[in-house]
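**Q** At position 49 of the sequence shown the residue is numbered 50 (the working numbering), and the sequence of numbers has no breaks.
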Amino acid sequence: MFEFFYRNNEKVTHVNDMDGLLGKVNVIDIREPYEFETGSLESAVNIPMGSLVSDPEKFLEKEKTYYILCQSGARSSQTVNYLSQKGYNVIDVVGGMGSYHSFRQTSFFR
Numbered sequence: 002m003f004e005f006f007y008r009n010n011e012k013v014t015h016v017n018d019m020d021g022l023l024g025k026v027n028v029i030d031i032r033e034p035y036e037f038e039t040g041s042l043e044s045a046v047n048i049p050m051g052s053l054v055s056d057p058e059k060f061l062e063k064e065k066t067y068y069i070l071c072q073s074g075a076r077s078s079q080t081v082n083y084l085s086q087k088g089y090n091v092i093d094v095v096g097g098m099g100s101y102h103s104f105r106q107t108s109f110f111r
């Protein structure tokens, strides 16, 4: 049941490399709604981790690529590993919102 907690050879990008991609890629913030309400990357959609991993076909299409974001990178890594094993094209946004330079320095978020 907990096989998604183990890291595999997942695709990654750092949160501070996302600025040029915003509005051009599908970003999913898997934090809880109360975390998401404090701010997220521009154009990110909030789908909490529990909802996404329990019913990915409800939210994702296997033909599309999704960038998965959380607060620190731990939840996104677990989620990307799990979804990759299920055949989804997902990229882990490492560092999370806690490392996002614009989030800490300005109000550049949704």
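Virtual Cβ for every residue (Gly too), placed ideally from N, Cα, C. Note that this is a predicted model, so its numbers are computed, not measured.
So is tyrosine 83 buried or exposed if we call it buried at 16+ other beta carbons inside 10 Å?
**A** Buried, since its Cβ has 16 or more Cβ neighbours within 10 Å.
**Q** Using alpha carbons as the reference points, say which of Glu58, Ser52, Gln79 and Leu53 lies closest to glycine 97.
**A** If we check each option's Cα against that of glycine 97, Gln79 comes out closest.
**Q** How long is the line joining the alpha carbons of phenylalanine 110 and glycine 21, rounded to whole angstroms?
**A** At phenylalanine 110 the pLDDT is 49, less than 50, meaning the model places this residue with poor confidence and gives no usable figure here.
**Q** Would DSSP call leucine 61 helix, strand or coil?
**A** Residue state, collapsed to three classes: coil.
**Q** Just tell me which of Phe60, Tyr67, Asn17 and Gly40 has its CA closest to the CA of lysine 25.
**A** Ranking the options by Cα distance to lysine 25, first place goes to Tyr67.
**Q** Output needed for glutamate 4: all residues of its chain with C-beta closer than 7 Å, excluding positions within five of it in sequence on either side, in chain order.
**A** Note that glutamate 4 scores a pLDDT of 43, beneath 50, so its modelled location is shaky; the value from the coordinates is reported in the next line. If we look at glutamate 4 and ignore the five residues flanking it on each side, it has no Cβ neighbours.
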